[in-house]
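Residue numbers (my numbering), protein chains in the order written: chain A, 1 to 349; chain B, 1001 to 1349.
Each remark here refers to the structure printed beneath this line.
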């Protein structure tokens, strides 16, 4: 979901962007209109998150999956090992992709729990001198989220974090990270743009095989405009950033997200039909997975909810069950409607 | 530029796509609405171009520049050489990028003419057994276009063509190509989606180092949905394809493009102030480069044209001068207005 006022503004400006007589979809990315859109998006993201000047902000293409290759291609030197903490399917896929480019060590995994838990930080077992430590801080499919992360000083290497699915849902202390990657399509904008925040000292470690469009240093030198960037997606991201800035920033977003997800988790914990398999302290505020344990009942609830206008509640095809996504733009009323639907469903079946 | 009726439809559907109560920017790419958008775009492109079933159509990210790496990563085997025909800056950049992944042979180049000519096909000097022969069939910066290409039977390897900047401006006999790549942002839609058309026998030759998001075979197996595709860009591409289908297809597009560009080239050839440096038979119908030979006069014309509402006429920053882009959606009246501006400018200075 995107905020309604953002979509309304996109609609109003679609044929004529602020008197330019062009749509953003038609602009040259080298023209003054788009250059300003990009500059404002970078400045607003810097302000919103509090990103110091020794971090570069890149707008790339290829999604989180593209960065599964982009991270090792940029950071994994010859003969080095990268350490991966596996807390779900996305970190697992990232580790698998990294093996194309060098040695990978699994520092911890909770696969044996079916990712109903995050690997506890005190049990992460690092390789002797890793190039980086990789985590996915919110796993959409399994509905877990890292609510605390080790401080940088307690890690043997820079922390690389795929924060795609909860980026801008809570405050971020970016100084604890070497690289943060975030596909925009959850909280930040439409699919098609990937935000990469890189600390300066990590910009220039890329392998020869790194495609230029993935090369952090080169893209930073070209201000994300080596080639045509995904202009329209960046424009919408910019509007979402301004929306967040005028709605209390990330602290306020976190308060709303804590409250929305608590309603739903409380309802599930009180439910006689449904439950959430994820350990309480590791539950995601973005992706609430739940199930009755019976595929027929789950399917019945899906249909019941759809009839009430509650869409996109199907669990990921790889795990089944049900899943509610409570991204930033989901209003409180949306979560409340789902809580009500669960209660009503329980009454009638 | 995009067709006005396409932009109007995007605007009308922006908040509620055909009764779904969702914007296309908000849809799950696994939902039925987007699956239909993607399926229609593939089917319409197949119909419009006439793409037989032994070619796959992929919607990727990363632009043409991404494919400068994607092509050798997918097609250049260990110990093999790739042959590049260099007719401008884009083919030159593609050849440079390919060197990361193997041996590159320059089969021909017209750099010594400052790319005012296309290398004549009879002079292309191939390596003994190239993996592929690479061309960029329209060079935007230098304003040249390949109006004829050698038949596949006369080439030592599959032809790989970057057709980004004139894709869908004229009929295409895709059976003469092994791979055609096209960033959408010129004739086909907004920036952020790259169309790749691959013959089946070339799908599965990728190097280990090929990132999964660039891997033709994998992306074909996942119907371009291994990860979240650039949904909104694909949706707009789909509307442009339907627009072209209902406006006479590629044959009619070619007739319009021939006529539009002829007006302008005739005016330049008759001009006492301006001229086009490109050899007549190699001139691009999409990108008309011209100059007075005097940077002050060029700048004066730029300002004069802007005041008449004729924008984006600045030559590429690497070569200077002037450039008019006459992509599909530029109406005849746009070209006529430019011809008139040239005549009027000559009268007053």
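Heads up, the beta-carbon is just placed ideally off N, CA and C, and yes, glycines get one too.
Chain A contact residues for residue i, given Cβ-Cβ distances below 9 Å
i                      : result
residue 1032 (chain B) : Those within 9 Å of residue 1032 (chain B) in chain A number zero; the least Cβ separation is about 11 Å.
residue 1307 (chain B) : Those do not exist, as residue 1307 (chain B) stays about 14 Å from chain A at its closest Cβ, beyond 9 Å.
residue 1062 (chain B) : 60, 61, 62, 66, 211, 213, 214 and 227
Chain-ordered neighbours of residue i on chain B, where CB pairs are closer than 9 Å
i                     : result
residue 3 (chain A)   : Near residue 3 (chain A) there are no residues of chain B at all, since even the closest Cβ is about 11 Å away, more than 9 Å.
residue 231 (chain A) : 1185, 1190, 1191 and 1192
residue 135 (chain A) : The contacting residues do not exist; residue 135 (chain A) stays about 19 Å from chain B at best.
Residue i - containing beta strand (DSSP E), residue span
i                     : result
residue 173 (chain A) : From DSSP, residue 173 (chain A) is part of no beta strand (DSSP E); its letter is neither H nor E.
residue 134 (chain A) : 133-136
residue 183 (chain A) : 179-183
Where the alpha helix (DSSP H) containing residue i begins and where it ends
i                      : result
residue 287 (chain A)  : Per DSSP, residue 287 (chain A) belongs to no alpha helix (DSSP H); it is in the beta strand (DSSP E), 287-290.
residue 46 (chain A)   : 32-49
residue 343 (chain A)  : 332-348
residue 8 (chain A)    : 4-12
residue 1257 (chain B) : 1249-1270
Beta-ladder partner(s) of residue i, from DSSP
i                      : result
residue 1059 (chain B) : B:1195
residue 1110 (chain B) : For residue 1110 (chain B), which the question treats as bridged, DSSP gives no partner whatsoever.
residue 86 (chain A)   : A:109
residue 1162 (chain B) : B:1136 and B:1181
residue 145 (chain A)  : A:138
residue 1283 (chain B) : B:1144
residue 314 (chain A)  : A:322
residue 1104 (chain B) : B:1082
residue 1275 (chain B) : B:1291
Under 8 Å from the C-beta of residue i: neighbouring residues of chain A
i                      : result
residue 1312 (chain B) : 28 and 31
residue 1332 (chain B) : Within chain A, no residue comes near residue 1332 (chain B); the closest Cβ sits about 18 Å away, beyond 8 Å.
Per-residue contacts from residue i into chain C (C-beta, under 8 Å)
i                     : result
residue 212 (chain A) : The structure shown contains no chain C; the protein chains it does contain are A and B.
Under 7 Å from the C-beta of residue i: neighbouring residues of chain A
i                      : result
residue 1007 (chain B) : 14, 15 and 23
residue 1350 (chain B) : Absent from the structure is residue 1350 (chain B), since the part of chain B shown begins at 1001 and ends at 1349.
residue 1208 (chain B) : 100
residue 1011 (chain B) : 11, 14 and 15
residue 1236 (chain B) : 25
Supposed contact pair residue j and residue i - C-beta distance, whole angstroms, cut 8 Å
i                      : j                      : result
residue 38 (chain A)   : residue 224 (chain A)  : 7 Å
residue 1193 (chain B) : residue 1092 (chain B) : That pair is no contact at about 24 Å.
residue 168 (chain A)  : residue 187 (chain A)  : 5 Å
residue 143 (chain A)  : residue 284 (chain A)  : 5 Å
residue 107 (chain A)  : residue 125 (chain A)  : 6 Å
residue 1210 (chain B) : residue 1073 (chain B) : 4 Å
residue 1292 (chain B) : residue 1273 (chain B) : 5 Å
residue 1081 (chain B) : residue 1131 (chain B) : 7 Å
residue 1226 (chain B) : residue 1237 (chain B) : Not confirmed; about 19 Å, so no contact.
residue 69 (chain A)   : residue 1228 (chain B) : The pair is not a contact, with the Cβ atoms about 16 Å apart (cut-off 8 Å).
residue 1024 (chain B) : residue 1017 (chain B) : 5 Å
residue 77 (chain A)   : residue 139 (chain A)  : In fact, because the Cβ distance is near 28 Å, the residues do not count as touching under 8 Å.
residue 165 (chain A)  : residue 119 (chain A)  : So it is not a contact: roughly 18 Å between Cβ atoms.
residue 1249 (chain B) : residue 1290 (chain B) : That pair is no contact at about 30 Å.
residue 1276 (chain B) : residue 1029 (chain B) : Residue 1276 (chain B) to residue 1029 (chain B), Cβ: 44 Å. No contact.
residue 1134 (chain B) : residue 1084 (chain B) : 5 Å
residue 1071 (chain B) : residue 1057 (chain B) : Residue 1071 (chain B) to residue 1057 (chain B), Cβ: 16 Å. No contact.
Next item on the list: Let me know the alpha helix (DSSP H) ranges lying completely inside the region 1216-1244 of chain B, each 4 residues or longer, listed in chain order.
Entry: 1216-1221
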